[in-house]
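What follows is a single structure, written as structure tokens, with notes after it.
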Amino acid sequence: MGRKPCCSKEGLNRGAWTAMEDDILVSYINKHGEGKWGSLPRRAGLQRCGKSCRLRWLNYLRPGIKRGNISNDEEELIVRLHRLLGNRWSLIAGRLPGRTDNEIKNYWNTTLSKKVLLPPQGSNHSGFSNQLQLQAVASPPPPEDAAPQTRAARSGPRRCGAPR
DNA sequence: AATGTCCTCAACCGCTGTCCC
DNA sequence: AGGGACAGCGGTTGAGGACAT
Numbered sequence: 203m204g205r206k207p208c209c210s211k212e213g214l215n216r217g218a219w220t221a222m223e224d225d226i227l228v229s230y231i232n233k234h235g236e237g238k239w240g241s242l243p244r245r246a247g248l249q250r251c252g253k254s255c256r257l258r259w260l261n262y263l264r265p266g267i268k269r270g271n272i273s274n275d276e277e278e279l280i281v282r283l284h285r286l287l288g289n290r291w292s293l294i295a296g297r298l299p300g301r302t303d304n305e306i307k308n309y310w311n312t313t314l315s316k317k318v319l320l321p322p323q324g325s326n327h328s329g330f331s332n333q334l335q336l337q338a339v340a341s342p343p344p345p346e347d348a349a350p351q352t353r354a355a356r357s358g359p360r361r362c363g364a365p366r
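Below is the structure:
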């Protein structure tokens with residue numbers, strides 16, 4: 203269906219964001235709010251595609267984002283939720299306030315997947331406490347992820363296209 | 001000190017689901 | 001009802017830093 207030609211448009215910046223681009227994006231969103239990602243870059247004066255702006259905002263610039271220092275409890279919770287949900291990173295992130303799906307996905311792929319593959323030490327594979335995981339698994343998700351849930355019912359893992 | 005290899009993480013890409021006309 | 005536009009998701013890539021030789 204009507205898929206946009208994506209980010210390969212000529213004349214758009216790619217790669218790491220500069221502090222100036224961040225400033226422009228943050229001030230624009232603070233003024234006009236989120237949404238309309240397709241037209242946001244043009245209106246904000248950014249040489250980026252809308253998807254890039256959205257990703258930057260959601261994963262790094264949004265208020266309340268926690269970066270790094272994933273605690274043992276959070277780590278355990280990620281492992282538990284991954285067992286329950288599989289690679290539903292957005293759902294897992296919804297249970298971890300301040301964490302983003304991209305960060306959790308990266309953390310899983312680089313660190314946790316290796317830990318989980320290691321032989322378990324004792325009944326609880328890494329000696330985690332049960333506090334966070336119990337409350338997260340047993341309780342309903344926080345209200346702010348109620349809306350994105352509609353996106354969660356996806357048709358399983360997909361392969362991306364040809365490598366770059 | 002120089003070089004090679006591994007690891008981490010920010011960002012991109014392609015796809016699907018939903019909304020709206 | 002059909003199709004375009006938009007929003008969001010998950011897999012993957014690549015640059016750069018850390019570490020090993």
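Using the numbering used here, you'd call the opening residue of the first sequence number 203 and step up by one each time.
Just so it is clear, CB atoms sit at the ideal spot from N, CA and C, and this is done for glycine as well.
Under 9 Å, do residue i and residue j count as touching if we go by C-beta distance?
{"i": "I226", "j": "L248", "result": "yes"}
{"i": "E223", "j": "R244", "result": "no"}
{"i": "W219", "j": "R258", "result": "yes"}
{"i": "Y309", "j": "I272", "result": "yes"}
{"i": "H284", "j": "L260", "result": "no"}
Grab me the residues of residue i's own chain with a C-beta within less than 8 Å of its C-beta, minus the 5 sequence neighbours each way, in chain order.
{"i": "S241", "result": "G252"}
{"i": "N232", "result": "none"}
Which of helix, strand or coil does DSSP assign to residue i?
{"i": "G235", "result": "coil"}
{"i": "S229", "result": "helix"}
{"i": "N215", "result": "coil"}
{"i": "R244", "result": "helix"}
{"i": "K317", "result": "helix"}
{"i": "N271", "result": "coil"}
{"i": "R258", "result": "helix"}
What residue does the alpha helix (DSSP H) around residue i start on, and which one ends it?
{"i": "C251", "result": "Careful: C251 lies outside any alpha helix (DSSP H) and carries neither H nor E."}
{"i": "A295", "result": "W291 to G296"}
{"i": "R282", "result": "N274 to L287"}
{"i": "N311", "result": "N311 -> no alpha helix (DSSP H), and no H or E assigned at all."}
For residue i, verify whether its CB is less than 8 Å away from any heavy atom of the ligand SAH.
{"i": "R245", "result": "Of the ligands one can find in the structure shown there are none, so the ligand SAH has no counterpart to examine."}
For residue i, I'd like the list of residues in its chain whose CB is within less than 7 Å of its CB, leaving aside the five on either flank, ordered along the chain.
{"i": "L214", "result": "Q249, R250 and C251"}
{"i": "V228", "result": "L263"}
{"i": "A246", "result": "I226, L227 and Y230"}
Quick one: what's got a C-beta closer than 6 Å to residue i's C-beta in the same chain, skipping five residues either side?
{"i": "R216", "result": "none"}
{"i": "T312", "result": "none"}
{"i": "G237", "result": "none"}
Validate contact between the stretch 295-308 and the stretch 265-272 using beta carbons, cut 8 Å, 3 pairs: Two segments are said to touch when three or more pairs of C-beta atoms, one from each, lie closer than 8 Å; by this definition the stretch 295-308 touches the stretch 265-272.
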